[in-house]
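The numbers in numbering that gives the first Met the number 0 rise by one with no breaks, and the one at position 211 of the sequence shown is 210. Cβ coordinates follow ideal geometry from the N, Cα and C atoms, glycine included. A quick write-up on the structure given underneath.
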Amino acid sequence: MPVAIITGASKGLGRALAEALAARGWDLVLDARNAGVLKETARALEAYGTRVTALPGDVTDTWHRTALVTEARALGGVDLLVSNASALGAEPLVRLEELPLDGLRRALEVNVVAALGLVREALPALRAAPAGTVVTVSSDAAAEAYETWGGYGASKAALDQLAAVLGAEEPGLRVWAVDPGDMATDLYAAAVPDDDGARPEPASVVPALLRLLDERPASGRYGAAALLEAR
Ligand SMILES: NC(=O)c1ccc[n+]([C@@H]2O[C@H](COP(=O)([O-])OP(=O)(O)OC[C@H]3O[C@@H](n4cnc5c(N)ncnc54)[C@H](OP(=O)(O)O)[C@@H]3O)[C@@H](O)[C@H]2O)c1
Numbered sequence: 000m001p002v003a004i005i006t007g008a009s010k011g012l013g014r015a016l017a018e019a020l021a022a023r024g025w026d027l028v029l030d031a032r033n034a035g036v037l038k039e040t041a042r043a044l045e046a047y048g049t050r051v052t053a054l055p056g057d058v059t060d061t062w063h064r065t066a067l068v069t070e071a072r073a074l075g076g077v078d079l080l081v082s083n084a085s086a087l088g089a090e091p092l093v094r095l096e097e098l099p100l101d102g103l104r105r106a107l108e109v110n111v112v113a114a115l116g117l118v119r120e121a122l123p124a125l126r127a128a129p130a131g132t133v134v135t136v137s138s139d140a141a142a143e144a145y146e147t148w149g150g151y152g153a154s155k156a157a158l159d160q161l162a163a164v165l166g167a168e169e170p171g172l173r174v175w176a177v178d179p180g181d182m183a184t185d186l187y188a189a190a191v192p193d194d195d196g197a198r199p200e201p202a203s204v205v206p207a208l209l210r211l212l213d214e215r216p217a218s219g220r221y222g223a224a225a226l227l228e229a230r
């Protein structure tokens, strides 16, 4: 069975993707910082009959990243690496003039540095896999100038460029940066607590990711909305 590492998989989009992959028979290595929530998620996913390794930790921790890849190798390798865990830099979001520099550093550390660290750790296994794939979860804030989304958006823009160059450097892999669009999750609520508008559930975005896995288009940046529309 193929093996996926998904960071930030205890809830939101990461959990929804993990559930869809478990339903397809994938073995999973999942992380999140809150061990209790992650354990409950892993227990629920085990109902699909696949192997689920839940490893609590922070993606910015080098040892934790090594452990994620070690666990995946123990399950058979790394077919898919999804960098989904994310930091906003300020909760709620604030305008750039108020953005704490340590918040920006944290967003860059979680969203960019840790993502590259995990890719580097997993690259030998990804290259050895029959269809090695990297997904980095982006945001439209990486490309649009929304007030208050500057620090987070800058980190996601950096992540996009990292994914684009990785795709060019690793022609044997598929590397997709995916903008999921707005979703009703804890991250969005933390970003904009006063925004009570209705947003899609993260599970509604998962078919876009599954489409990429099924059709394996060229490495590049993809928007979930377009992938879902064309389906
Ligand atoms: N929601 C939206 O509207 C939206 C829009 C565009 C893009 N995105 C992107 O979609 C992705 C998923 O976000 P979401 O909305 O599904 O968020 P979410 O529901 O809040 O889930 C985030 C997950 O990441 C984990 N996490 C956060 N920081 C971590 C760290 N340093 N190390 C390990 N795990 C960590 C969280 O668990 P712990 O807190 O326990 O660590 C949780 O499992 C993110 O990349 C986000 O930027 C979201």
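Quick check on ALA114: buried or exposed, where buried means 16 or more other Cβ atoms within 10 Å of its Cβ? For the purposes of this step, residue 114 is identified with residue 115 of the sequence shown, where counting begins at 1. It counts as buried.
Would you call TYR221 buried or exposed, if buried means 16 or more other Cβ atoms sit within 10 Å of its Cβ? For the purposes of this step, residue 221 is identified with residue 222 of the sequence shown, where counting begins at 1. It is buried - the Cβ of TYR221 has at least 16 other Cβ atoms within 10 Å.
Let me know if GLU120 comes out buried or exposed under the rule of 16 or more other beta-carbons within 10 Å of its beta-carbon. In the sequence shown, the residue the question calls residue 120 occupies position 121. With 16 or more other Cβ atoms within 10 Å, it is buried.
For the candidate residues ALA130, ASP60, ALA41 and GLY35, whose alpha-carbon lies nearest to that of ALA17? The residue given as residue 17 occupies position 18 in the sequence shown. Here the closest residue by C-alpha is ALA41.
So, GLY13 versus VAL81, is the Cβ gap smaller than 9 Å? In the sequence shown, residue 13 corresponds to position 14, counting from 1. In the sequence shown, residue 81 corresponds to position 82, counting from 1. For GLY13 and VAL81, yes; Cβs fall inside 9 Å.
Relative to the C-alpha of GLU200, which residue among THR65, LEU186, LEU103 and SER154 is closest? Here residue 200 refers to the residue found at position 201 when the sequence shown is read from its first residue. If we check each option's Cα against that of GLU200, LEU186 comes out closest.
Would you say SER137 faces chain D, with C-beta separation under 9 Å as the test? Absent here is chain D; the protein component of the structure consists of one chain.
Can the beta-carbon of LEU27 be found less than 9 Å from the beta-carbon of ARG64? Stepping through the sequence shown from its first residue, residue 27 is reached at position 28. Stepping through the sequence shown from its first residue, residue 64 is reached at position 65. The answer is no: Cβ separation not under 9 Å.
How would you write the range of the alpha helix (DSSP H) that TYR47 sits in, first residue to last? Counted from its first residue, the sequence shown places residue 47 at position 48. Neither: TYR47 is in no alpha helix (DSSP H) and is coded neither H nor E.
Give a yes or no on contact between the stretch 93 to 102 and the stretch 123 to 131, applying the rule of three or more CB pairs nearer than 8 Å. no
So if DSSP puts ARG173 in a beta bridge, which residue, or which two residues, is it bridged to? As a working mapping, residue 173 is identified with position 174 in the sequence shown. DSSP, once it has assigned bridges, lists THR132 as partnering ARG173.
Which partner residues of VAL81 appear in the DSSP bridge assignment? Start at 1 with the first residue of the sequence shown, and residue 81 comes out as number 82. Its beta-bridge partners are ILE5 and VAL134.
Would you say ASP198 and ASP181 are within 9 Å of each other, going by their C-beta atoms? For this step, residue 198 is matched to residue 199 along the sequence shown. For this step, residue 181 is matched to residue 182 along the sequence shown. The sequence given here places Arg at residue 198; Asp does not occur at that position. The answer is yes: Cβ separation under 9 Å.
When burial is assigned at 16 or more other CB atoms within 10 Å of the CB, is GLU70 buried or exposed? Here residue 70 is taken as the residue at index 71 of the sequence shown, counted from 1. GLU70 should be labelled buried.
Quick check on the burial criterion: 16 or more other C-beta atoms within 10 angstroms. Buried or exposed for ARG234? No information on residue 234 is available, as it lies outside the stretch 0 to 230 that the chain covers here.
Which stretch, first to last residue, makes up the beta strand (DSSP E) that contains ASP57? In the sequence shown, counting from the first residue as 1, residue 57 sits at position 58. Here ASP57 belongs to no beta strand (DSSP E), and DSSP marks it neither H nor E.
What does DSSP give as the partner residue(s) for VAL28 in the beta ladder? Numbered from 1 along the sequence shown, position 29 holds the residue referred to as residue 28. In DSSP, VAL28 forms a bridge with ILE4 and THR52.
Is any heavy atom of ligand 1 found at a distance shorter than 8 Å from the C-beta of LEU12? Locating residue 12 in the sequence shown gives position 13, counting from the first residue. Checking the Cβ of LEU12 against ligand 1 gives yes.
Any non-hydrogen atom of ligand 1 within 8 Å of ARG220 CB: Residue numbering aside, residue 220 sits at position 221 when the sequence shown is read from its first letter. Outside the cutoff, so no.
THR135 classed as buried or exposed, judged by whether at least 16 other C-beta atoms fall within 10 angstroms: Looking up residue 135 in the sequence shown gives position 136. Buried is the call here.
Could you check if ARG42 belongs to the surroundings of ligand 1, using beta carbon to heavy atom distance under 8 Å? Taking the sequence shown and counting its residues from 1, one reaches residue 42 at position 43. No, since every heavy atom of ligand 1 falls outside the 8 Å radius drawn around the Cβ of ARG42.
When you compare only the Cα positions, how much space is there between LEU74 and VAL2? Working through the sequence shown from its first residue, we reach residue 74 at position 75. Working through the sequence shown from its first residue, we reach residue 2 at position 3. Cα to Cα, LEU74 sits roughly 7 Å from VAL2.
Near ALA106, what residues of its chain come up, given a Cβ to Cβ distance below 7 Å and the 5 sequence neighbours on each side ignored? On the sequence shown, position 107 is the one that residue 106 refers to. Counting only Cβ-Cβ distances below 7 Å, and skipping sequence neighbours, we find ALA86, LEU87, GLY88, GLY150, TYR151 and SER154.
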